[in-house]
Amino acid sequence: MLSNKKILIGVTGSIAAYKIALLVRLLVKAKATVRVVMTPSATQFVTPLTLATLSKHETLIYYTNEGQTNWTNHVELGAWADVFLIAPCSANTLSKMANGLCDNLLLATYLSAKCPVLFAPAMDLDMYAHGSTLRNIATLQSYGNIIIPATHGELASGLVGEGRMAEPEEIVQIVTQFLSTKPTSILKGKNIIVTAGPTYEAIDPVRFIGNNSSGKMGFALAESLANVGAQVQLITGPTHLITTHPNITTTKIISSDDMYAAATRLYPTCNVAICAAAVADYKPITIATEKIKKEKCLISHIELTQTHDILKWMGENKKNNQILVGFALETNNEVPNAIKKIERKNLDFIVLNSLQNAGAGFKYDTNQITIITKHNKVLNFELKNKKAVANDIVHHLETYFK
Ligand code: CTP
Numbered sequence: 008m009l010s011n012k013k014i015l016i017g018v019t020g021s022i023a024a025y026k027i028a029l030l031v032r033l034l035v036k037a038k039a040t041v042r043v044v045m046t047p048s049a050t051q052f053v054t055p056l057t058l059a060t061l062s063k064h065e066t067l068i069y070y071t072n073e074g075q076t077n078w079t080n081h082v083e084l085g086a087w088a089d090v091f092l093i094a095p096c097s098a099n100t101l102s103k104m105a106n107g108l109c110d111n112l113l114l115a116t117y118l119s120a121k122c123p124v125l126f127a128p129a130m131d132l133d134m135y136a137h138g139s140t141l142r143n144i145a146t147l148q149s150y151g152n153i154i155i156p157a158t159h160g161e162l163a164s165g166l167v168g169e170g171r172m173a174e175p176e177e178i179v180q181i182v183t184q185f186l187s188t189k190p191t192s193i194l195k196g197k198n199i200i201v202t203a204g205p206t207y208e209a210i211d212p213v214r215f216i217g218n219n220s221s222g223k224m225g226f227a228l229a230e231s232l233a234n235v236g237a238q239v240q241l242i243t244g245p246t247h248l249i250t251t252h253p254n255i256t257t258t259k260i261i262s263s264d265d266m267y268a269a270a271t272r273l274y275p276t277c278n279v280a281i282c283a284a285a286v287a288d289y290k291p292i293t294i295a296t297e298k299i300k301k302e303k304c305l306i307s308h309i310e311l312t313q314t315h316d317i318l319k320w321m322g323e324n325k326k327n328n329q330i331l332v333g334f335a336l337e338t339n340n341e342v343p344n345a346i347k348k349i350e351r352k353n354l355d356f357i358v359l360n361s362l363q364n365a366g367a368g369f370k371y372d373t374n375q376i377t378i379i380t381k382h383n384k385v386l387n388f389e390l391k392n393k394k395a396v397a398n399d400i401v402h403h404l405e406t407y408f409k
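So for the sequence shown, this note's numbering puts the first residue at 8; every next one is plus one.
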């Protein structure tokens, strides 16, 4: 049933942790490979030795072992697993996950996990119904994490209500169904270029013309594509973002000329190119070799010339079997402007962001997009976290290969 499936279980400090011994046993019986990571407080409810014995793997709790000679690679753990199941998920861990806290190995693994994450809350009924818990659950769902809802029943406090962790048998059923229905994306193995971030056009050795692009949308797209098995070539301008996904090869560039050089090198062999970068449209004609000193500076303007339009070049050189996707950031007359870009740059579809939508644009973690196809089909999406927006774009892209 679950043979060849690798399941990482995260156990947190809740009385329901004692049921994880049975959960591990059931998963191992179903032929899954199971590894367990615990928070330190979870060890008060079930012993690491019990879970290590049942899972046949060392139970991981700390970053380092006792002698401090080894460290547990949380990135490797998340990359290893087909699914990360956090059960029981206490109110405390739920809140930390929703807010990006990282004060134990389980949370570091969660933050770096590339695999789908399922979480099974367990807590007292009032805690489960509290507004902050509901908000934290909604936040995790907006990250694409899947809840295994708590059930109604008798709780450790003696009260009766909602908050009981789903029973191990039910969790096994949900995980089995999840892993067996997970479709293989048609994008698996496809070679996809994603451009991201801003470009910096040098004026002198210390100054440049740049823009406010954070790169978040492009990185989210690269990760979402990599998660469905695409081989991603991410060409990114200067950002503070990093990705360690094994399916992503990153080329870091500074200027539009660098991005053009990388894109023209990689484009002929790609299946899809998605240009999410905010490439400068103009660059200084000359770059001063030394810092321009203000007392010697007689210039009152900088002479500019147009940069290469990378997306336009891709459109002109597009083969029949290549799909080309652009982004458009508009402030007015959005849809007609975006349609003009589809035609001018020979795109299959364009992702339109309007700066008129609150919460959309460079500085936000959220985005509201409209996808417009070359056949003028207009698809409107709600305001979402950029990761969820990336998933929407990836799902739309999949339809081009069916
Ligand atoms: N783009 C590019 N190279 C450039 C400029 C833009 O690859 N030198 C790409 C962007 O990555 C984006 C799309 O073209 O996918 C739209 O860019 P945008 O600057 O919004 O449109 P332009 O065609 O430059 O038109 P305008 O600035 O007049 O809106």
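Glycine included, every Cβ here is placed at the ideal spot set by N, Cα and C.
- The beta carbon of Cys109 sits closer than 6 Å to the beta carbons of Ala115, Leu118 from its chain, once the five residues preceding and following it are set aside; these are given in chain order.
- Look at His159 here: in three-state DSSP terms it is strand.
- In this structure, the straight-line span from the alpha carbon of Thr40 to that of Leu61 is close to 11 Å.
- Inter-segment contact for the region 122-131 and the region 88-104 is present: three or more beta-carbon pairs are separated by less than 8 Å.
- Closest in C-alpha terms to His315, from the list Glu169, Met266, Asn387, comes Met266.
- For Thr380, no alpha helix (DSSP H) encloses it; the enclosing beta strand (DSSP E) starts and ends at 376-380.
- Distances between the C-beta of His402 and the heavy atoms of the ligand CTP are all 7 Å or more.
- In the DSSP annotation of this structure, the continuous segment of the beta strand (DSSP E) that includes Gly168 starts and ends at 167-171.
- Sequence-distant partners of Ala295 (beyond 5 residues in either direction) whose C-beta falls short of 8 Å from its own C-beta, in its chain, are Ile210, Asp211, Pro212.
- The bridge partners DSSP lists for Ser192 come to none.
- Straight-line measurement puts the Cα of Ala270 at about 41 Å from the Cα of Arg142.
- Straight through space, the alpha carbons of Tyr371 and Arg214 are spaced by roughly 26 Å.
- Collapsing the DSSP output to three states places Gly244 in coil.
- Taking the Cβ of Thr314 as the reference point, at least one heavy atom of the ligand CTP falls within a distance shorter than 7 Å.
- In the structure shown, Met130 adopts coil according to DSSP, grouped into three states.
- Note that the region 134-151 does not touch the region 48-58; fewer than 3 beta-carbon pairs, one per stretch, sit closer than 8 Å.
- Here Ala268 is not near Ala229, since their CB atoms are 8 Å or more apart.
- CA-CA distance, Ser48 to Ile22, rounds to 11 Å.
- Every unbroken stretch of the alpha helix (DSSP H) spanning 4 or more residues and falling wholly within the region 323-373 is given here in chain order: 341-352.
- Three or more Cβ pairs closer than 8 Å define a contact, and the region 17-36 meets that threshold against the region 164-182.
- Between Lys319 and the set Val332, His308, Asn328, the nearest pair of CA atoms involves Val332.
- By the 16-neighbour rule on beta-carbons within 10 angstroms, Leu113 is buried.
- Per the DSSP secondary-structure output, Leu114 pairs with nothing in a beta bridge.
- Check the Cα spacing between Val401 and each of Lys12, Thr140, Val239, Leu125: the tightest is with Val239.
- When Ala365, Leu248, Glu405 are compared, the shortest CA-CA separation from Glu389 is found for Ala365.
- Relative to the non-hydrogen atoms of the ligand CTP, the Cβ of Phe52 never comes closer than 7 Å to any of them.
- Apart from the 5 residues on each side of it in sequence, Asn398 sits with its Cβ closer than 6 Å to the Cβ of Ser231 in its chain, given in chain order.
- In the structure shown, Glu208 falls within a strand segment according to DSSP collapsed to helix, strand and coil.
- Taking 8 Å as the cut-off, the Cβ atoms of Ala237 and Ile199 count as close.
- Distance check between Asn392 and each of Leu101, Gly151, Lys13, Met45 places Gly151 closest, using alpha-carbon atoms only.
- In this structure, DSSP gives Gly17 an extended state, which the three-state scheme calls strand.
- Taking the CA atoms as reference points, Val342 sits about 21 Å from Asp288.
- One thing to note: Asp355 has its Cβ no nearer than 8 Å to the Cβ of Lys384.
- Within 7 Å of the C-beta of Asp288 there is at least one heavy atom belonging to the ligand CTP.
- Shown here for Ile349: same chain residues with a beta carbon closer than 6 Å to its own, the five before and five after excluded, namely Ile357, Lys381 in chain order.
- Distances between the C-beta of Ser263 and the heavy atoms of the ligand CTP include at least one below 7 Å.
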